[in-house]
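Trainee:
Numbering (the UniProt record's numbering), first residue to last: 1 to 303.
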């Protein structure tokens with residue numbers, strides 16, 4: 001459900017969008033553990049999964065993330081997954097400067113999750129998304145690594161559809177369907193009913209329609225050539241057998257292609273799982289970009 005904005009709300013909301021790329025004002029009006037509608041295909045709701053699913057480490061890297069948005073991501077991951085499958089959630093602070101993302105965040109998580117299932121790694125300086133993810137993966141102890149962004153909300157029963165294919169073959173990498181959280185109203189809605197990942201000659205990520213044979217089975221996973229990169233599950237064993245992320249890549253950009261190519265070329269498989277839905281905030285503008293000394297990091301990574 002979208003947050004209804006009065007004229008005054010809209011004015012206050014617009015002032016916060018420039019700083020974060022989404023309405024911090026509206027986010028602050030919504031509960032951390034808000035209820036959401038179930039947007040999965042009806043066939044997903046009665047689907048049975050393996051009883052031998054392995055434990056997962058969820059890795060969420062962030063830089064200057066908004067407080068409520070980060071905490072809502074964590075809450076949704078835990079609240080909408082079966083108990084016992086998540087071994088830990090590792091938040092990786094990529095050198096943020098906002099004070100509330102330091103001791104205040106550590107203390108809040110220690111109080112909210114006294115079991116210690118959620119912990120934070122604070123990097124001394126910014127190394128970028130790729131290196132932050134790698135730092136989290138090195139600390140992870142679960143058999144499966146699940147990488148998520150810090151401004152998303154996991155859907156109902158999101159985890160088993162990601163773990164099931166990996167339990168059958170550890171060289172299978174699984175991506176959820178990525179839906180939309182409106183940057184203005186925080187409405188939670190479906191993007192579409194799935195697409196295959198691709199790219200053009202300038203290496204811009206593209207979405208291609210599902211193959212006709214896949215459309216007859218809307219609840220079944222299907223092959224995808226490349227991933228979007230932000231949200232996916234991979235066996236820890238397979239991730240490190242592939243060499244992890246290329247250490248020469250900086251900040252972000254290109255890592256999704258590099259990993260996708262290695263998965264397919266080294267005997268693995270990559271699929272999208274329609275029954276795992278995770279909503280993501282697509283920022284209205286690009287914020288918190290690296291300082292000038294990093295230069296054209298995307299162009300450098302693509303070479």
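C-beta atoms are modelled at their ideal positions from N, C-alpha and C, and glycine is treated no differently. None of the values given here were measured: they were computed from a predicted structure.
1. Can you tell me whether DSSP reads residue 270 as helix, strand or coil?
2. Could you have a look at residue 153 and say whether DSSP puts it in helix, strand or coil?
3. Give me the Cα-Cα distance between residue 42 and residue 192, rounded to the nearest whole angstrom.
4. Would you kindly check if the distance between the Cβ of residue 74 and the Cβ of residue 185 is under 8 angstroms?
5. I'd like the list of long-range same chain contacts for residue 161, defined as Cβ closer than 6 angstroms, with 5 residues on each side in sequence excluded.
6. Which residues does DSSP list as the beta-bridge partners of residue 146?
7. Exposed or buried, which one is residue 238 when buried takes at least 16 other CB atoms within 10 Å?
8. Nearest-angstrom Cα distance between residue 262 and residue 140?
9. Could you give the first and the last residue of the continuous beta strand (DSSP E) run that contains residue 176?
10. Can you give the Cα-Cα distance for residue 99 and residue 218, rounded to whole angstroms?
11. Using 8 angstroms as the threshold, is the region 140-155 in touch with the region 203-217, meaning 3 or more CB pairs across them?
12. If you follow the alpha helix (DSSP H) that residue 108 is in, where does it begin and where does it stop?
13. Rounded to a whole number of angstroms, what is the C-alpha to C-alpha distance between residue 138 and residue 117?
14. To the nearest angstrom, report how far apart residue 29 and residue 151 are at their CA atoms.
15. Just mark residue 93 as buried or exposed, buried being the case when its beta carbon has 16 or more other beta carbons within 10 Å.
16. With which residues is residue 88 paired in a DSSP beta bridge?
17. With 16 other CB atoms within 10 Å as the buried threshold, where does residue 97 fall?
18. Is residue 292 helix, strand or coil by DSSP?
19. Go ahead and pull the three-state DSSP assignment for residue 184.
20. Can you give the Cα-Cα distance for residue 120 and residue 221, rounded to whole angstroms?
21. Rank 260, 280, 258, 250 by C-alpha distance to the C-alpha of residue 132 and give the top, closest one.
22. Around the C-beta of residue 279, are 16 or more other C-beta atoms found within 10 angstroms, so that it is buried, or is it exposed?
23. Of all the options 52, 38, 53, which has the alpha carbon lying nearest to the alpha carbon of residue 46?
24. Can you check whether the CB of residue 183 is closer than 8 angstroms to the CB of residue 76?
25. In whole angstroms, what is the alpha-carbon distance linking residue 240 and residue 232?
26. Work out the CA separation of residue 143 and residue 51 for me, nearest whole Å.
27. Kindly list the residues whose CB is nearer than 6 angstroms to the CB of residue 164, restricted to its own chain and excluding five residues on each side of it in sequence; keep chain order.
28. Can you tell me which residues form a DSSP beta bridge with residue 198?
29. Give the DSSP-derived three-state secondary structure of residue 261 in the structure shown.
30. Shortest alpha-carbon distance to residue 181 belongs to which of 65, 63, 282, 19?
Mentor: To lay it out plainly:
1. strand
2. strand
3. 15 angstroms
4. no
5. 273, 275, 276
6. 58, 233
7. buried
8. 21 angstroms
9. 172-181
10. 45 angstroms
11. no
12. 103-112
13. 17 angstroms
14. 16 angstroms
15. buried
16. 57
17. exposed
18. Reliability of the predicted coordinates at residue 292 is poor, the pLDDT of 47 falling under 50, and the value obtained from them is presented with this limitation in mind. Note: residue 292 maps to helix in three-state DSSP.
19. coil
20. 32 angstroms
21. 250
22. buried
23. 38
24. no
25. 15 angstroms
26. 15 angstroms
27. 49, 50
28. 206
29. helix
30. 282
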